[in-house]
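I have placed the structure first, in the form of structure tokens, so that the comments after it can refer back to it.
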Amino acid sequence: MSSMAAVVVVFIASLSLPTHLHAQESLPPVLADKIGLEFFRTGLNPTKSDHILPSWVPPKATPCRDYAGIVCNHDGIVTGIHISNADLAGYINVPFALSHLSRLDTLDVSRNSIAGPIPDFSPILTLQVLNLSYNGFSGSIPDDYFSGMKTLKVIWLSYNGFTGEIPSSLSELDGLTELRLEGNKFSGKIPASIASPTLKSFNVSHNSLTGEVPGGLERFKASAFEGNEGLSGEFGKTGKAVEVAIVEEEKKKKKEGEMEEGSWGLPVALGVGVIIVGLMALLVIVRRIKAARKFSSLNSENHQEGTGSADIHHPGSADVHRQNGAYA
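Residue numbers -23 to -1, 1 to 305, in mature numbering (1 follows the signal peptide of the UniProt record, and there is no 0), belong to the letters of the sequence shown in order.
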């Protein structure tokens, strides 16, 4: 069966599915994943250097086993599409394609040549990471665009051609930790409502933004706002203050570490000194014991030598007397 024939088959099969939710519930997850990825593939235009899509060849290939760029969980269900820097063009077929992927949490198509307006990703009910950076997406993003995407935590739309204002519906994402919008053509003010305390990474540099930087975003460095001539605020000073605070904190920790090391230095030195003195005392004692043993041994030898001389002398004297008597 050719690739086009497979598309026709899955398309006809899915006509009876009125909604993406019904599609997910009516099909086995593995089959639903395969249908979704097949429609996703038909929207993209691979090139000779593409090393991803050639492995997505139905009907024999299995996504979790054979498809490049696909991540699955332990149940064999697709959870991630990672096709960054694959030299792909075309468009993303949503919602019909990706809505079949009931467990998809990561979509990374960064560093390709995919174009068109931003697709509606709201049918992907489990999506947490969306990375469209370095592509050819363009147009404005509706203000309520993110209202139905409560699960999103990471959004990277950097270096595309997006225009219009930054959607205020970003504030509805309670778990948003990363928002990267640099290198676009966003205009207007930064919505104050998106200054969430959960944000750990934020960048809107090199756009056409104007107005004051919201107070809750001043904690980010000045580089996160540069390249916006109409943008004003205390972000530069705050950024420097944050850098200074970090440096001071590092100095403080280093000093505390040195003090802690110094506080241990005196006891260690005293301990070493006690050990050295003890060893020296032990050495003196050992030497004295050896000297005493040597002295005792010498006395014993001298006593034995003295006793032997007397024994020899007396017989000699007796012999002399006898000789003298004999001559007398």
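Here a beta-carbon is modelled for each residue, glycine too, at the ideal position from N, C-alpha and C.
Within the same chain, Ala63, Asp64, Leu65 come within 7 Å of aspartate 27 by CB-CB distance, once the 5 residues on both sides are set aside. With a cutoff of 8 Å on beta-carbon distance, isoleucine 167 and isoleucine 132 are scored as not near each other. With respect to the C-alpha of threonine 103, the residue from Val86, Lys231, Thr128 having the closest C-alpha is Thr128. In the DSSP secondary-structure assignment, leucine 186 is bridged to Gly165. Looking at Phe98, Ser90, Arg88, the one whose alpha-carbon comes closest to that of leucine 81 is Phe98. Straight-line measurement puts the Cα of phenylalanine 197 at about 25 Å from the Cα of methionine 126. A Cβ-Cβ separation of about 16 Å leaves aspartate 10 out of contact with isoleucine 69 under the 8 Å criterion. Beta bridge pairing from DSSP links glutamate 155 with Val131, Ser178. Rounded to whole angstroms, the gap between the alpha carbons of valine 86 and isoleucine 118 is 18 Å. Asparagine 50 counts as exposed, since fewer than 16 other C-beta atoms from the protein chains shown sit within 10 angstroms of its C-beta. The Cβ-Cβ distance between asparagine 180 and glutamate 159 falls below 8 Å. With respect to serine 178, tyrosine 136 sits apart: the two C-beta atoms are not nearer than 8 Å. Here isoleucine 60 has Ile29, Gly46, Val86 as same chain residues with Cβ atoms under 6 Å from its own Cβ, once five neighbours each way along the sequence are excluded. Valine 263 counts as exposed, since fewer than 16 other beta carbons sit within 10 angstroms of its beta carbon.
Note: cysteine 49 is bridge-paired with Val55 in the DSSP secondary-structure output. Short of 6 Å from the beta carbon of arginine 88, and not among the five residues preceding or following it, lie these beta carbons of its own chain, in chain order: Ser61, Asn62, Tyr111. Judged by DSSP in its simplified three-state form, aspartate 85 adopts strand. The alpha carbon of lysine 37 has as its nearest neighbour, out of Gly93, Leu4, Glu15, the alpha carbon of Glu15.
In the DSSP assignment, glycine 13 falls within the unbroken alpha helix (DSSP H) covering 6 to 19. Just so you know, the alpha carbons of glycine 192 and alanine 172 end up roughly 8 Å apart. Here phenylalanine 123 carries a helix assignment [DSSP, helix/strand/coil]. Assigned with DSSP and collapsed to three states, alanine 199 falls in helix. In this structure threonine 56 is buried. Its beta-carbon is surrounded by 16 or more other beta-carbon atoms within 10 angstroms. By the Cβ neighbour-count rule, glycine 13 is buried, with 16 or more other Cβ atoms within 10 Å of its own.
Valine 106 carries a strand assignment under DSSP once its states are collapsed to helix, strand and coil.
Each residue's CA atom was taken as its position, placing leucine 78 and proline 6 some 8 Å apart.
DSSP places isoleucine 91 within a strand segment (E or B) once states are collapsed to three. The C-alpha of proline 94 is placed about 30 Å away from the C-alpha of serine 209.
Annotation: the continuous alpha helix (DSSP H) that includes aspartate 43 extends over 40 to 43.
DSSP links leucine 208 through a beta bridge to Gly188. The beta carbon of alanine 92 is closer than 6 Å to those of Gly113 in its chain, skipping five residues each way along the sequence.
When secondary structure is reduced to three states using DSSP, glycine 67 falls in the strand class. With distances taken between CA atoms, glycine 141 lies nearest to Ser115 out of Gly152, Ser115, Lys130, Arg157.
Here glycine 255 carries a helix assignment [DSSP, helix/strand/coil].
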